[in-house]
Amino acid sequence: MNIIFMGTPDFAIPVLERLHKHHGIPAVFTAPSKRTGRSQVMTNSPVQQWAQSYDIPVYTPKSLRLPDVQELIESIEPDLVVVAAYGLFIPDTILTLPRLGCWNIHPSLLPKLRGPSPVVTSILQRDIVTGVSIMKLDQNMDSGPILAQHSYHMSFSETASSLTRSLFEIGADLLHDCIARADRDNLVETIAQNDAEATFTSKQRKEDGLINWDSTSQDIEAQIRAYTPWPGSFTYWNGKILKILSANLPTADSDRQFPTGTVTKGPGGTLNILTGNSQIEVSMVQLEGKKAMKPEEFLLGYPSIIGAKLG
317 MNIIFMGTPD FAIPVLERLH KHHGIPAVFT APSKRTGRSQ VMTNSPVQQW
367 AQSYDIPVYT PKSLRLPDVQ ELIESIEPDL VVVAAYGLFI PDTILTLPRL
417 GCWNIHPSLL PKLRGPSPVV TSILQRDIVT GVSIMKLDQN MDSGPILAQH
467 SYHMSFSETA SSLTRSLFEI GADLLHDCIA RADRDNLVET IAQNDAEATF
517 TSKQRKEDGL INWDSTSQDI EAQIRAYTPW PGSFTYWNGK ILKILSANLP
567 TADSDRQFPT GTVTKGPGGT LNILTGNSQI EVSMVQLEGK KAMKPEEFLL
617 GYPSIIGAKL G
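Numbering (the numbering used here), first residue to last: 317 to 627.
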């Protein structure tokens, strides 16, 4: 089967890798190179780097609406276009080009959590079950018919980074099964989504990472995991940003004589912060301009944080 792949980040690579192993991949489309790091060096996307290492032709248009891009895709005569976190809008003129259409890997159990941040939202909501869907793209956002779904039971230790990677690895296997079925039967069976059951997610902003210490310990701990790696969860201490990189739910009762956001020292040198209903135990912290540290190391350098009110 002739398959065009469209994707950009590193967690999309397992999907491309599986496709490359079993099918012809005449072209990969990925987001254009961008400047990264402190030195602002132009860097190719992880998908582009992987594809070029296997001598797969790579295209990085700024838009798929351009006539020459559409002519290029038409000339390849794809049976299928697979989309995995591509990042660019796919117009109707391309959706209808492949014989089997354009299939997308979406990391939620659609119609739940449509939109740009299903993984982050599922962690923030402390969902017990999430999953991944293989869907056929249509002109609306994540509303196309479903080819297959697979549930994933949360362990409540996942970060957005680790959960995204897990769901796309599952999605790679699920996609393989869908393609094999379409290849064997020469047809694609789908189930329409129930729009009445749809929920929606929104794009995260950098300021969303600011911790509200009046929230519950459970919500704050979930936020820290959900916003790893971006935008990160942070607070303020002495006018500087203090990132809370990881934290655990409390193993002991908190001292409620202090206001929320107050830092206390727990048994064994733990760094605890009072919340709206209890406390959280910080396991990794980073002060603005400094390296990430474990609590015991941080307290050696900054003992004055004990008793401080953050925020």
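All residues carry an ideal CB built from backbone N, CA and C; glycine is no exception.
Straight-line Cα distance separating residue j from residue i
{"i": "Ile527", "j": "Leu616", "result": "24 angstroms"}
{"i": "Tyr375", "j": "Ala343", "result": "7 angstroms"}
{"i": "Gln539", "j": "Ile421", "result": "24 angstroms"}
{"i": "Ile410", "j": "Ile389", "result": "8 angstroms"}
{"i": "Lys556", "j": "Ser549", "result": "14 angstroms"}
{"i": "Thr346", "j": "Gly403", "result": "8 angstroms"}
{"i": "Leu440", "j": "His338", "result": "37 angstroms"}
{"i": "Ala542", "j": "Leu561", "result": "11 angstroms"}
{"i": "Gly340", "j": "Gln455", "result": "27 angstroms"}
{"i": "Ser355", "j": "Gln602", "result": "22 angstroms"}
Residue i, buried or exposed, once every other Cβ within 10 Å from all chains shown has been counted against 16
{"i": "Trp419", "result": "buried"}
{"i": "Gln597", "result": "This sequence places Glu at residue 597; Gln is not what is there. Under this definition Glu597 is a buried residue."}
{"i": "Val398", "result": "buried"}
{"i": "Asp569", "result": "exposed"}
{"i": "Glu474", "result": "buried"}
{"i": "Arg481", "result": "buried"}
{"i": "Leu416", "result": "buried"}
Contacts around residue i, its chain only, beta-carbon distance under 7 angstroms, and the 5 residues preceding and following it disregarded
{"i": "Thr446", "result": "Ser424, Leu425, Ser438, Tyr468 and Met470"}
{"i": "Asn360", "result": "Ser349"}
Within-8 angstroms CB hit, residue i to chain D
{"i": "Leu453", "result": "You won't find chain D in this structure, because it holds only one protein chain."}
Cβ pair residue i, residue j closer than 8 angstroms
{"i": "Ile507", "j": "Pro461", "result": "yes"}
{"i": "Ala488", "j": "Pro330", "result": "yes"}
{"i": "Asp524", "j": "Pro545", "result": "no"}
{"i": "Ile320", "j": "Ile392", "result": "yes"}
{"i": "Pro414", "j": "Asp395", "result": "yes"}
{"i": "Leu483", "j": "Ala464", "result": "no"}
{"i": "Pro427", "j": "Asp511", "result": "yes"}
Beta-carbon proximity list for residue i, same chain, < 6 angstroms, skipping 5 on both sides
{"i": "Leu565", "result": "Ser533 and Glu537"}
Same chain, Cβ closer than 8 angstroms to residue i, five either side skipped, listed in chain order
{"i": "Ser379", "result": "Val385, Leu404 and Phe405"}
{"i": "Pro575", "result": "Leu590 and Lys625"}
Validate contact between the stretch 510-521 and the stretch 427-437 using beta carbons, cut 8 angstroms, 3 pairs = yes
Per the contact definition of three or more C-beta pairs closer than 8 angstroms, is the stretch 616-626 in contact with the stretch 578-597?
-> yes
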